[in-house]
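Peer 1: First the structure, then my questions, so here it is.
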Amino acid sequence: MTIREAAIDDAEAITAIARESWSHDYPEILSR
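For what it's worth, UniProt numbering labels the leading residue of the sequence shown as 1, then goes sequentially.
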């Protein structure tokens, strides 16, 4: 795995976590 691939994997994991916490706290943001 290249550094770039690892960075993309990290970004996807962070996005998934952020999305989960946002959907809990700010459902109206994700419904746009």
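Note that the Cβ used here is the ideal one computed from N, Cα and C, for glycine as well.
Computed from a predicted model, the values in this text were never measured in an experiment.
(1) What's the C-alpha gap between Arg19 and Ile3?
(2) Under DSSP, the alpha helix (DSSP H) around Ser31 begins and ends at which residues?
(3) Pick helix, strand or coil for Ile15, following the three-state DSSP scheme.
Peer 2: Well, looking at it:
(1) In the sequence shown, residue 19 corresponds to position 19, counting from 1. In the sequence shown, residue 3 corresponds to position 3, counting from 1. Their backbone Cα atoms lie some 24 Å apart in a straight line.
(2) Locating residue 31 in the sequence shown gives position 31, where the first residue counts as 1. Where Ser31 is concerned, there is no enclosing alpha helix (DSSP H), given that its DSSP letter is neither H nor E.
(3) Residue mapping note: residue 15 aligns to position 15 of the sequence shown, counting from 1. For the record, residue 15 in the displayed sequence is Thr; it is not Ile. Annotated three-state conformation of Thr15 is helix, per DSSP.
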